[in-house]
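Peer 1: Below you'll find the structure I mean.
In the numbering used here, the protein residues as written are 1068 to 1160.
This is the structure in structure tokens:
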């Protein structure tokens, strides 16, 4: 299965209508000081993805890292995050 097609479909039909912007396989939605983050890293074979979700808080980020928050966040910048494993055809979790 082409994971790029799956990511594009999720963007088009789910995330974009909810106000998310896209940078590759990473999506952000800003709500005040909060940033909702969704990522779809692919495995090496490009036949499965992991869904990463999280929430970044700009104020907390600045306090912890003593730097301005990134313009486009990933799950590593989040105060809360989770990984949903192998959500593709044949996935185990």
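We treat Cβ as the ideally placed atom computed from N, Cα and C, and that holds for glycine. Predicted model only: the values in this text are computed from it and were never measured.
1) Rounded to a whole number of angstroms, what is the C-alpha to C-alpha distance between residue 1133 and residue 1071?
2) Just the C-alpha distance for residue 1089 and residue 1108, rounded to the nearest angstrom, thanks.
3) Between the alpha carbons of residue 1127 and residue 1143, how many angstroms are there, rounded?
4) By Cβ distance below 6 Å, which residues in the same chain neighbour residue 1078 in space, the five residues on each side in sequence not counted?
5) Roughly how many angstroms lie between the CA atoms of residue 1075 and residue 1130, to the nearest whole one?
Peer 2: Considering the structure as presented:
1) 36 Å
2) 13 Å
3) 13 Å
4) 1089
5) 35 Å
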